[in-house]
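Working notes, structure below.
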Amino acid sequence: MDVEQLLAAMTPDVYERLLYATETGRWPEGSRLSDEQRSSCMQAVMLYQSKHNVDPQHMSVAAGGDITFKSKADLKNQFADNSNEIARVKVAQ
Numbered sequence: 240m241d242v243e244q245l246l247a248a249m250t251p252d253v254y255e256r257l258l259y260a261t262e263t264g265r266w267p268e269g270s271r272l273s274d275e276q277r278s279s280c281m282q283a284v285m286l287y288q289s290k291h292n293v294d295p296q297h298m299s300v301a302a303g304g305d306i307t308f309k310s311k312a313d314l315k316n317q318f319a320d321n322s323n324e325i326a327r328v329k330v331a332q
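The numbering of the sequence shown is our numbering, which starts it at 240 and goes up by one.
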């Protein structure tokens, strides 16, 4: 199977399973991945992201195959824009 066939056969559900396996080292059912399986999953995830990731997160592969790096200021702004904040509580020490 070549790269284009792999990408054509990979659904978003399969991508999510492979991403979970890569991040946790376990399949969603709970069994452990071998080092070879984890490496293969990571390669498949990066290939999928290079074709379909239109909103890349920091240190992920964007559509087109470039790795996205965000500056510290960009990351602070991204996480500071949380207007859904319910409450802030000052904890006495």
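Glycine included, C-beta positions come from ideal geometry on N, C-alpha and C.
The model shown is predicted, which means the values in this text are computed figures rather than measured ones.
Next item on the list: Grab me the residues of Glu-268's own chain with a C-beta within less than 8 Å of its C-beta, minus the 5 sequence neighbours each way, in chain order.
Entry: Same-chain partners within the cutoff: there are none.
Notebook entry, point to check: For the region 282 to 289 against the region 254 to 268, are there 3 or more C-beta pairs whose distance is under 8 Å?
Noted result: Two segments are said to touch when three or more pairs of C-beta atoms, one from each, lie closer than 8 Å; by this definition the region 282 to 289 touches the region 254 to 268.
Item checked: Identity of the residue in Trp-266, Thr-250, Val-328 and Ala-319 nearest Gln-288 by Cα -> Distances from the CA of Gln-288 to each of Trp-266, Thr-250, Val-328 and Ala-319 were compared; the closest alpha carbon is that of Thr-250.
Note to self: Nearer than 6 Å: is that true of the beta carbon of Glu-268 relative to any heavy atom of the ligand PLP?
What the structure shows: Although the ligand PLP was asked about, the structure shown includes no ligands whatsoever.
Next item on the list: Could you check what DSSP says for Val-330 in three-state terms: helix, strand or coil?
Entry: Val-330 falls in the coil class under three-state DSSP.
Margin query: Can you tell me whether Thr-263 is buried or exposed? The criterion is at least 16 other CB atoms within 10 Å of its CB, across all chains shown.
Written below: Exposed, since its Cβ has fewer than 16 Cβ neighbours within 10 Å.
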